[in-house]
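Undergrad: Have a look at the structure that comes next, please.
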Amino acid sequence: MSPPPAPFPSPPPIPFTFSLAGAGRVGTATAVLLSAAGHAPVGVASRTPASAERAAGLLGTDVYPFEDLPGADVVLIGAGDDSIEEVASLLAPDHGSVAIHFAGSLDLTILRSLTSAGAGAAALHPVQACPSVEAAIERIPGSAWGVTCSEGLEEWAAAVISDDLRGTAYPVAPQDRAAWHAASVVSANGISALLSAGERILSSIGVSDPIEVLGPLAAGSIANARDAGGGTATLTGPVVRGEIATVERHLNGLAGTTGYAPYVTATLAIIAAALASDRIDTTTADEMRALIEERS
Ligand SMILES: NC(=O)c1ccc[n+]([C@@H]2O[C@H](COP(=O)([O-])OP(=O)(O)OC[C@H]3O[C@@H](n4cnc5c(N)ncnc54)[C@H](OP(=O)(O)O)[C@@H]3O)[C@@H](O)[C@H]2O)c1
Numbered sequence: 000m001s002p003p004p005a006p007f008p009s010p011p012p013i014p015f016t017f018s019l020a021g022a023g024r025v026g027t028a029t030a031v032l033l034s035a036a037g038h039a040p041v042g043v044a045s046r047t048p049a050s051a052e053r054a055a056g057l058l059g060t061d062v063y064p065f066e067d068l069p070g071a072d073v074v075l076i077g078a079g080d081d082s083i084e085e086v087a088s089l090l091a092p093d094h095g096s097v098a099i100h101f102a103g104s105l106d107l108t109i110l111r112s113l114t115s116a117g118a119g120a121a122a123l124h125p126v127q128a129c130p131s132v133e134a135a136i137e138r139i140p141g142s143a144w145g146v147t148c149s150e151g152l153e154e155w156a157a158a159v160i161s162d163d164l165r166g167t168a169y170p171v172a173p174q175d176r177a178a179w180h181a182a183s184v185v186s187a188n189g190i191s192a193l194l195s196a197g198e199r200i201l202s203s204i205g206v207s208d209p210i211e212v213l214g215p216l217a218a219g220s221i222a223n224a225r226d227a228g229g230g231t232a233t234l235t236g237p238v239v240r241g242e243i244a245t246v247e248r249h250l251n252g253l254a255g256t257t258g259y260a261p262y263v264t265a266t267l268a269i270i271a272a273a274l275a276s277d278r279i280d281t282t283t284a285d286e287m288r289a290l291i292e293e294r295s
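Count the sequence shown with numbering that gives the first Met the number 0 and you get residues 0 to 295, in order.
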């Protein structure tokens with residue numbers, strides 16, 4: 000196990016200079032937002048020339064090889080999770096005073112090639128789904144950020160997130176980052192996967208635009224959850240109403256189709272959530288589970 004990064008003496012100035020190493024969606028978007036907030040980009044390096052040039056164009060700066068990136072107060076390492084360590088090791092060890100990565104499940108040890116040379120480090124995870132640079136620029140403001148950083152950088156990171164990125168910083172202990180990220184994956188990718196299952200069921204009965212049917216419903220569920228105390232409190236539908244006959248009709252209707260297995264998986268998760276929040280009692284949960292078990 001590597002030792003934790005040494006305490007960082009003083010946070011970078013505001014505004015600060017920054018470079019971008021790894022010009023992907025989140026790194027480029029964050030760089031654009033920081034630049035718009037008055038921080039000064041000094042250069043971009045990336046693996047693929049087109050990515051580097053796109054980011055440099057958006058930032059009004061130049062492209063460099065990783066090892067020649069001009070020194071800056073902050074280096075944003077926008078590489079994907081599997082490449083952050085490699086990209087950090089390509090940078091001159093004294094490249095920047097604070098190195099930042101965006102991976103939700105990783106702590107600071109992955110930046111050890113820079114922290115062992117005295118840099119501060121921050122793992123700043125925007126809790127947002129970013130399918131493109133443009134979408135990320137639009138959606139990152141207003142998002143939550145999971146923050147793990149070198150001692151002494153906490154206030155600086157929170158100020159940058161709230162003032163410049165218009166987000167909210169949530170401190171995350173290094174050992175909690177996997178759980179922090181897992182929650183995002185379950186919620187965001189889980190919702191997409193469930194939508195996909197619903198879409199396939201509607202397609203199978205000839206509905207040509209299933210997302211137009213299910214999208215407003217899903218958006219309504221999320222709006223309900225945000226307005227009234229979360230998913231647990233606002234769960235609706237046959238399970239929380241204890242309608243075993245309706246669940247049975249669904250199982251009968253989907254029997255033998257590709258929609259059956261996702262329906263069962265989702266329904267077991269709904270039963271567990273409803274039970275954990277006392278929206279149904281144990282007897283009802285057991286009856287529903289037994290019905291599903293019988294059919295499997
Ligand atoms: N996308 C999201 O929804 C999202 C949300 C929150 C957090 N994050 C986190 O943000 C980070 C970046 O994710 P992303 O979605 O922005 O990724 P991305 O768009 O795929 O960009 C990653 C960049 O890393 C560069 N890269 C990959 N392998 C490299 C290597 N071996 N050497 C040098 N550069 C390499 C690539 O550069 P080239 O293009 O030049 O090849 C690529 O542009 C990840 O840690 C991810 O977990 C992503």
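From the three backbone atoms N, C-alpha and C, an ideal C-beta is built for every residue, glycine too.
Keep in mind it's a predicted model, so treat the numbers as computed, not measured.
Just to confirm the assignment: which complete beta strand (DSSP E) runs, minimum length 3, are found wholly within the segment 69-94?
TA: You should have 71-76.
Undergrad: Shorter than 7 Å, the distance from the beta carbon of F101 to the closest heavy atom of ligand 1, or not?
TA: Because some heavy atom of ligand 1 lies under 7 Å away, the Cβ of F101 counts as near it: yes.
Undergrad: If you follow the alpha helix (DSSP H) that A22 is in, where does it begin and where does it stop?
TA: Where A22 is concerned, there is no enclosing alpha helix (DSSP H), given that its DSSP letter is neither H nor E.
Undergrad: Based on Cα-Cα distance, which residue from C129, V43, S149 and A272 lies nearest to S142?
TA: Ranking C129, V43, S149 and A272 by Cα distance to S142 puts C129 first.
Undergrad: Nearest by alpha-carbon distance to G26: which of H100, A178 and G236 is it?
TA: Considering only alpha carbons, the answer is H100.
Undergrad: Going by Cα to Cα distance, which pick from A120, E137 and L213 is closest to A156?
TA: Comparing Cα-Cα distances from A156 to each of A120, E137 and L213, the minimum goes to A120.
Undergrad: Whole angstroms is fine: what's the gap from V212's alpha carbon to Q127's?
TA: Each residue's alpha carbon lies about 24 Å from the other.
Undergrad: Distance, Cα to Cα, V73 vs G42?
TA: If you take the alpha carbons of V73 and G42, they lie about 11 Å apart.
Undergrad: Tell me whether G252 counts as near ligand 1, meaning its Cβ is closer than 7 Å to at least one heavy atom of that ligand.
TA: Every heavy atom of ligand 1 is 7 Å or more from the Cβ of G252, so no.
Undergrad: Hey, is D106 close to ligand 1, as in C-beta under 7 Å from one of its heavy atoms?
TA: Not under cutoff, so the answer is no.
Undergrad: To which residues of the same chain is G241 closer than 8 Å at the C-beta, ignoring the five residues directly before and after it?
TA: Closer than 8 Å at the Cβ level, and outside the excluded window around G241, lie I279 and T283.
Undergrad: Please go through the same chain and pick out, in chain order, the residues whose beta-carbon is closer than 6 Å to the beta-carbon of C148, but skip the five residues on each side of it.
TA: Cβ neighbours of C148 beyond the five flanking positions: A121 and A156.
Undergrad: For P140, report the span of its alpha helix (DSSP H) as first-last.
TA: Element bounds for P140: n/a, residue is neither H nor E.
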